[in-house]
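Chains as they are written, first to last, in the working numbering: chain A, 1 to 192; chain B, 1001 to 1192; chain C, 2001 to 2192; chain D, 3001 to 3192; chain E, 4001 to 4192; chain F, 5001 to 5192.
Structure, rendered in structure tokens:
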């Protein structure tokens, strides 16, 4: 199939996908009500699809000292720094749900300094942005800053690895010109 | 184990690794004569190890319009832009081998413009660097430039995806403070 | 009064404002249902309030070759480049209304290149961003680019002047730490 | 009229101006001996002329904890950072007069760090440059730095607002290609 | 001697200098009426003094396709990009003299694009700034641009070498904190 | 002669050189076994050749608180920041010899932060990079940092002057398109 609202590249219909790829798409469709475009766009390359979601599951679904809402904050902040529309909009939606806060995604995306983050979360975002934007400057002192806010070394890996995975994801989305599904723009906004 | 020449983080001995992770390490050891530190460092997180090498295999080992030497050039050029010592040194070695050119890695790492690359390869490197450094500016015109040098749209995905995977890899190596094995500095230099 | 959700600075209640300032606040309250925080925050300095809104009216309300929706697009794009939460969120709401498009503000804010803008509008945004970010490089050639899309010299002034006014506005909002009213986050989203 | 030494845009002769705009031009002509080109250039748009000078008067003429010479220093430093020829040259002249120092303008324009500014003035310039160049990073700590040099919160507003107004002014001057009057280059130099 | 208006470092009096260094200082004093501070500051290191002025003479005094006024333009433009007060002010004075234009130095220093330079001179300045700021990007195409304005390859060397010499000079002046002599601020201004 | 592996510019054969220039080339040939290309390339301009090597000798050969290996580290680190292939490769070779460390040059070139430098050497490199990249920000505090690591003010001059000389040298090498001799790539690698 070809649909510029999904990707610059062609992608298979659900019927054309390898069984495991289709199963994953159907699983998310069941849960969300629709198949997020990144699933369709990456299905163009089944091996890359499998590797990407294996990485995603390893970091985003597991138990961690970094809550799921916090991991989504990292995604939104670093994806905004990389100007990745797909990730800012789609993970913005997930962040609103996990944080139960209809405003948090827009605030983190525009300027995390104004988002009234607790000092712990702010230090987390700043470490993530350093990994995203100038990882060659990461040094022992950066880990000590995290430690001062109660983050362990394993937490630091989790924070940095989420930023690193979305460094990849942002570039793939920008390369393929992925567009966020219409639904993501509104999910979790819960207007008053 | 703990060895600052491998990683800031502890990592398992071969005996302590899950069987599939160990098998992969032994395979590369057999082929190269040593286990590259990235294998040890990522073994600290077996699920991430598996996902990373699945992604790596999907992009670096498959048949492609981009030769293996060219893929290594992309790795060296983008890793140098990200100041990732591990990837510049280790993939520099692989590039020297694949390209059968003892000088190419140093030249691409310092300034690809001076590396006497053919126009096709140069356009490939410039697309890869755009994905690495400002993927939000990727547009139709960038694909047309590649097309003018005979690269298909699938080739463009391959080029961009290698740059995107090493965007992740560079950040993980800088996060964990991975150090290149001593051997990599000399492999393929073949001094006269 | 003092309210960190409005400004870092104190500001007068409606009763304490000079009559003309109060009248302006009441006018916008009648129209919108609430007083946008920039009105309250700037009322701390009545002379600056008057000058700012005189400038605003001179550019944003008048007839122009640049439609009101287009002027709001310029505000959102340049305010996002300046990471001004107040202006991105509040003018994002106005842009959604004027453009009758619930998605346009988020798309322009994250990456205007992905917002499916017609070439004319895209050239308008790029001129505005050049004024916002590197006005010292503006030259005759920039006006000719606009001319090729049907913009007159007076249109160019309008585009550039909106970018220039929000260069001021973004800096004042960031200086005073202005926060967007809760309402702005949802206005014009019209979820399906 | 059309005169490339004034503006890229046409502008009215004194006779053609609205009475209040002409009165303002005549007033400055009487005081300075000539009409600064910014008055002529902005007279092309009388409403914007009125708003601009209302803002200017509100900030540059009023009593403040920031002396008039200091306000001109802020203008010269931030306008130099924005490479605005009109503002650097014209306000450089005014700064020389107010500061009674024939060298200060050139020194602040090239590199304020070498201008032998007292620590108080230096902190003022650094706050102004932060507002001019990266206002999204302004935080409580910036105000505390100013406080340590005796600046109140109202002083901080004054410093930041001058930087913000010239963010607008520099962009308008660069947009219209305004040129400084010949006189400004020499005023206040008082060669020995 | 120690004089913060000359240098952060001590420097010899004329009597204390080696004979050839003193001779050079006396020669410039005779010609200019004063000893420019760079002569005093560098005399702290006689061998470096000799090498610097040998380089200077080789580039700035010789016959060239680039006139002496043009060479001074290159110095002012690149020194302003490097924010070197000493070189902008002192070579600004020399530029005014050579170009017989009291305004040219200030205009080139603030924004060369607004200095009404003929296209040939503008291309010269842009090549010089590329050498000064991103010489690693210099390529054949840059020489062809110069060629289109009538500059030979030897002219290109002269332009680039002047930019390169002042890359050194700007850094030494900033390192030693050299201050321009009072006289330089006014020389060649010839106020009307 | 014309040889694109040496320079974009023609250069004299040894026979055609002025006697002193030839003597210098023969001297280095005797010592190294070959004439480094910078000697040939600069011989195109004998006066500049003489001045450059006089400067070089004044800084690189003399006794100093900065060891010869340390001076070469400064050259490699700053030349890498300037992406100068000639200087990174040729001085990398000299650094390996002087430091008796086959890995140090590659490590300093890619990311000095990962090169396990002692704190004293690291502060030296950071001062040198500040001179190389933003000398206008050099201030008293920078000298105090060096002082805390035991560097005198004269040492600071030596560090900064080496960075400044290679600011010139990197630009000349990039301008002339100088290529490192084949030998430099391997010298001092001493593979195990």
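Positions of the beta carbon are idealized from the N, C-alpha and C atoms, including for glycine.
Nearest to residue i (by Cα), restricted to the options the options
i: residue 49 of chain A; options: A/174, A/22, A/83, A/108; result: A/22
i: residue 4006 of chain E; options: E/4034, E/4136, E/4099; result: E/4034
i: residue 2059 of chain C; options: C/2179, C/2158, C/2181; result: C/2158
i: residue 2045 of chain C; options: D/3139, D/3057, D/3131; result: D/3057
i: residue 160 of chain A; options: B/1189, B/1063, B/1168; result: B/1168
i: residue 5150 of chain F; options: F/5137, F/5122, F/5100, F/5173; result: F/5122
i: residue 2039 of chain C; options: C/2013, C/2063, C/2189; result: C/2013
Proximity test, Cβ basis, 9 Å: residue i and chain E
i: residue 3169 of chain D; result: no
i: residue 3080 of chain D; result: yes
i: residue 1120 of chain B; result: no
i: residue 3117 of chain D; result: no
i: residue 5066 of chain F; result: no
Three-state class that DSSP yields for residue i in the structure shown
i: residue 9 of chain A; result: coil
i: residue 3034 of chain D; result: coil
i: residue 83 of chain A; result: coil
i: residue 1052 of chain B; result: helix
i: residue 3121 of chain D; result: helix
i: residue 4003 of chain E; result: coil
i: residue 2103 of chain C; result: coil
i: residue 1018 of chain B; result: coil
i: residue 4091 of chain E; result: helix
i: residue 5116 of chain F; result: coil
i: residue 2041 of chain C; result: helix
Amino acids of chain A, ordered along the chain, whose beta-carbon sits closer than 8 Å to that of residue i
i: residue 1017 of chain B; result: Ordered by position in chain A, no residue passes the 8 Å Cβ test against residue 1017 of chain B, which lies about 16 Å from the chain.
Proximity test, Cβ basis, 9 Å: residue i and chain D
i: residue 2087 of chain C; result: no
i: residue 2075 of chain C; result: no
i: residue 2058 of chain C; result: yes
Neighbouring residues, chain F, relative to residue i (Cβ below 9 Å)
i: residue 3134 of chain D; result: Correct list: empty, because the minimum Cβ distance to chain F is about 16 Å.
Cβ separation of residue i and residue j, assumed to be a contact under 8 Å, to the nearest whole Å
i: residue 5032 of chain F; j: residue 4170 of chain E; result: Actually they are not in contact, since the Cβ atoms of residue 5032 of chain F and residue 4170 of chain E sit about 32 Å apart, beyond 8 Å.
i: residue 95 of chain A; j: residue 76 of chain A; result: 5 Å
i: residue 4078 of chain E; j: residue 4129 of chain E; result: 6 Å
i: residue 3983 of chain E; j: residue 3106 of chain D; result: Only positions 4001 to 4192 of chain E appear in the structure, and residue 3983 of chain E is not among them; the question remains open.
i: residue 5176 of chain F; j: residue 5008 of chain F; result: 5 Å
i: residue 2041 of chain C; j: residue 3051 of chain D; result: No, residue 2041 of chain C and residue 3051 of chain D are not in contact; Cβ-Cβ is about 18 Å, not under 8 Å.
i: residue 2181 of chain C; j: residue 85 of chain A; result: Residue 2181 of chain C to residue 85 of chain A, Cβ: 25 Å. No contact.
i: residue 69 of chain A; j: residue 88 of chain A; result: Their Cβ separation, rounded to whole angstroms, is 16 Å, which puts residue 69 of chain A and residue 88 of chain A out of contact at 8 Å.
Proximal chain C residues relative to residue i, where beta-carbon distance stays under 8 Å
i: residue 189 of chain A; result: 2185, 2186, 2189, 2191
Partners in chain C for residue i, counting only beta-carbon separations shorter than 7 Å
i: residue 3041 of chain D; result: Neighbours of residue 3041 of chain D on chain C: none; closest Cβ ~11 Å, over 7 Å.
Within-9 Å CB hit, residue i to chain H
i: residue 1020 of chain B; result: Of the protein chains in the structure, A, B, C, D, E and F, none is chain H.
Per-residue contacts from residue i into chain E (C-beta, under 9 Å)
i: residue 5092 of chain F; result: Ordered by position in chain E, no residue passes the 9 Å Cβ test against residue 5092 of chain F, which lies about 16 Å from the chain.
i: residue 2144 of chain C; result: In chain order: nothing, as chain E lies at least about 16 Å away.
Partners in chain A for residue i, counting only beta-carbon separations shorter than 7 Å
i: residue 1104 of chain B; result: The contacting residues do not exist; residue 1104 of chain B stays about 23 Å from chain A at best.
Interface partners of residue i on chain A, CB under 9 Å
i: residue 2083 of chain C; result: 110, 111, 113, 114
Beta carbon proximity, residue i to chain F, threshold 9 Å
i: residue 137 of chain A; result: yes
i: residue 1177 of chain B; result: yes
i: residue 1182 of chain B; result: yes
i: residue 4164 of chain E; result: yes
Residue i Cβ short of 8 Å to the ligand NAP heavy atom set
i: residue 2084 of chain C; result: This structure lacks the ligand NAP, and indeed carries no ligand of any kind.
Partners in chain F for residue i, counting only beta-carbon separations shorter than 8 Å
i: residue 1008 of chain B; result: Within 8 Å Cβ-Cβ: nothing; residue 1008 of chain B doesn't reach chain F, min ~11 Å.
Partner residues on chain E for residue i, Cβ-Cβ distance less than 7 Å
i: residue 3107 of chain D; result: 4085
Contacts of residue i in chain B (Cβ-Cβ under 8 Å)
i: residue 160 of chain A; result: 1171, 1172, 1175
Chain D residues whose Cβ lies nearer than 7 Å to that of residue i
i: residue 2050 of chain C; result: 3054
Cutoff 9 Å: residue i Cβ touching any chain C Cβ
i: residue 3131 of chain D; result: yes
Chain B residues whose Cβ lies nearer than 9 Å to that of residue i
i: residue 96 of chain A; result: Those within 9 Å of residue 96 of chain A in chain B number zero; the least Cβ separation is about 23 Å.
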